[in-house]
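Notes follow the structure.
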Amino acid sequence: MNHGKYTGWRKSSHSSGTGNCVEVATADGSVGVRDSKQHGRGPVLEFARAEWKAFIRAAKDGEFNL
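Going letter by letter, the sequence shown gives residues 0 to 65 in numbering that gives the first Met the number 0.
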């Protein structure tokens, strides 16, 4: 995967300052997700935009509440 294709990484405004966050960026019809603790050196998970939208919708609907 071309990690350099993603720019403008962002994280939730609800994130704390502890660095335990995920960051997301978009490019070429996909969404990249990475661990903020890796400072851009770790792996990037890549999802199609439709997959990402379905995940966000399910999270908002409480599908993943444990």
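C-beta atoms are modelled at their ideal positions from N, C-alpha and C, and glycine is treated no differently.
Quick one: grab the DSSP three-state call for residue 54. helix
Can you give me the C-alpha to C-alpha distance between residue 12 and residue 60, rounded to a whole angstrom? 20 Å
From which residue to which residue does the beta strand (DSSP E) around residue 43 run? Unbroken run through residue 43: none, as it is neither H nor E.
Just how far apart, CA to CA, sit residue 14 and residue 23? 13 Å
With 8 Å as the threshold, decide whether the Cβ of residue 58 is near any Cβ in chain C. No chain C is part of this structure, which consists of one protein chain only.
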